[in-house]
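Student: Under UniProt numbering, the first residue of the first sequence carries the number 1, and numbering increases by one thereafter. Ideal placement from N, C-alpha and C gives every residue a C-beta, glycine not left out.
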Amino acid sequence: MDSTTFSPSTTPEIDSVEALLDFIDSHPMGPENWIDFGAVDIEETLFDPTEWLIHPDPNEKVRAPKLYEFLVLLLNNERYSAYASWIDKEEGVFEIHNPAQVVKLWEKVKSRKAKQKMNFDTFSRGIRMYYAKGDMIPTYTRYTYRFASTK
DNA sequence: TAGTAGGAACCAG
DNA sequence: CTGGTTCCTACTA
């Protein structure tokens, strides 16, 4: 509505996807206003919560990404090319260059109430769950994964 | 030693 | 029930 309501100076601390979703819940607004939140510096990387929102269609509620959605957003964001990048985008093949940072990013995007610290073992198990569903194909190669469909 | 695949129990939403 | 998360065994570089 009133765009001044969403200016960075008048919004609370929004440094996670969870905080952003909470704010959007209490302040109805469209994607055009998401840009107004600014970004925070997290471990030498600019983290912008609005980059990690999923909004399939206007009817569906805005939400945090699922794991495969998170991977696609990460891969298609040039700012994170040092974290992970496509090897063959047409074939859906990609490589994770900085596993530790990718896992930290995933934790931040999911805003888990960490019982334990997530590590690459648990993160990669999440990816491997997609093999059985047919959404991903094993590559048997270090830090290398493949989407079954480029869709 | 550190990654990969995948079974099984578990759990928050 | 979904979408992971936690834990673990087996295999390979």
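Under the three-state reduction of DSSP, which class applies to residue 4: helix, strand or coil?
Tutor: For the purposes of this step, residue 4 is identified with residue 4 of the first sequence, where counting begins at 1. Because the pLDDT of residue 4 is 42, which lies under 50, any placement of that residue in the model is unreliable, and the number read from its coordinates should be weighed accordingly. If DSSP states are grouped into helix, strand and coil, residue 4 belongs with the helices.
Student: Please classify residue 46: is it buried, with 16 or more other beta-carbons within 10 angstroms of its beta-carbon, or exposed?
Tutor: Position 46 of the first sequence, counted from the first residue, corresponds to residue 46. With fewer than 16 other beta carbons inside 10 angstroms of its own, residue 46 counts as exposed.
Student: Quick check: what's the CA-CA separation for residue 95 versus residue 59?
Tutor: Taking the first residue of the first sequence as position 1, residue 95 is located at position 95. Taking the first residue of the first sequence as position 1, residue 59 is located at position 59. Roughly 34 Å between the two C-alpha positions.
Student: For residue 103, which residues of its own chain have a beta-carbon under 8 Å away from its beta-carbon, when the five flanking residues on both sides are left out?
Tutor: Here the question's residue 103 lines up with position 103 in the first sequence. Same-chain partners within the cutoff: 118, 119, 120 and 123.
Student: Go ahead and label residue 65 buried or exposed: buried means 16 or more other beta carbons lie within 10 angstroms of its beta carbon, across all protein chains shown.
Tutor: On the first sequence, position 65 is the one that residue 65 refers to. The residue in question, residue 65, is buried, as its Cβ has 16 or more Cβ neighbours within 10 Å.
Student: In this structure, how does DSSP classify residue 20 when only helix, strand and coil are distinguished?
Tutor: For the purposes of this step, residue 20 is taken as the residue at position 20 of the first sequence. Residue state, collapsed to three classes: helix.
Student: Count the other CB atoms within 10 Å of the CB of residue 163; is the residue buried (16 or more) or exposed (fewer)?
Tutor: A query on residue 163 cannot be resolved here, the shown segment of the chain reaching from 1 to 151 and no further.
Student: List the endpoints of the continuous alpha helix (DSSP H) containing residue 62.
Tutor: Reading the first sequence from its first residue, position 62 is the one you call residue 62. In the DSSP annotation of this structure, residue 62 is not part of any alpha helix (DSSP H), being labelled neither H nor E.
Student: Could you say which of 37, 34, 149 and 32 lies nearest to residue 89 if we only look at CA atoms?
Tutor: Counted from its first residue, the first sequence places residue 89 at position 89. Of 37, 34, 149 and 32, the residue nearest in Cα terms is 149.
Student: DSSP beta-bridge partners for residue 88?
Tutor: Stepping through the first sequence from its first residue, residue 88 is reached at position 88. Bridge partners of residue 88: 93.
Student: Going by C-alpha to C-alpha distance, which of 28, 38, 138 and 24 sits closest to residue 92?
Tutor: Position 92 of the first sequence, counted from the start, is the residue given in the question as residue 92. Of the candidates 28, 38, 138 and 24, the one whose C-alpha sits nearest the C-alpha of residue 92 is 138.
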